[in-house]
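For the sequence shown, my numbering assigns the number 1 to the initial residue and increments by one for each residue that follows. Worksheet: the structure to be examined is printed underneath.
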Amino acid sequence: MPFTTNIGTPQGDSLSPVLFIVYLEHALRDIRPVQNDKQEPVPAEIIYADDIDLIGKKDADVNSIEKTLKTHCLKVNVDKTEHTSVRKDSEDWKTTKKVGSLLGSKEDIEHRKHLSKKQKSNCTTP
């Protein structure tokens with residue numbers, strides 16, 4: 001069933017990815033000070049198009065990031081989100097799939113079909 005919205009750009013519009021990246025960069029500028037540790041500099045994020053790895057040292061960082069994104073009317077899609085903890089005594093990170101490891105696989109194709117899943121947003125424009 002079609003629906004109308006007064007925010008954002010239509011799915012599939014050629015301008016959508018450009019506007020998303022510009023808008024996301026604005027939000028990331030608010031996230032970076034939360035994540036950066038001047039004592040031990042680590043990149044705060046790794047970005048490829050709309051795939052982002054956000055890196056933090058504490059669980060509280062994740063909550064702070066989600067809160068900051070919410071102030072920009074951005075929401076983390078839990079169906080497409082993977083939390084990975086990397087610790088000295090654990091090798092769980094080896095099973096984490098990152099950008100490029102799935103491209104073209106059946107799993108990737110199915111995943112991309114779900115990208116158009118409709119989600120309701122509580123964000124309104126000012």
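Note that the Cβ used here is the ideal one computed from N, Cα and C, for glycine as well.
- Here I47 is bridged, per DSSP, to I52.
- Contact between the region 14-21 and the region 67-75 is absent: fewer than 3 CB-CB pairs across the two stretches fall below 8 angstroms.
- The residue from I47, L24, L54, L28 with its alpha-carbon nearest to that of E82 is L54.
- Sixteen is the threshold: when 16 or more other Cβ atoms of the shown chains lie within 10 Å of the Cβ of I65, as they do, the residue is buried.
- Take the alpha-carbon of D61 and the one of A49: they are about 23 angstroms apart.
- Between the alpha carbons of E45 and T9 lies a gap of roughly 25 angstroms.
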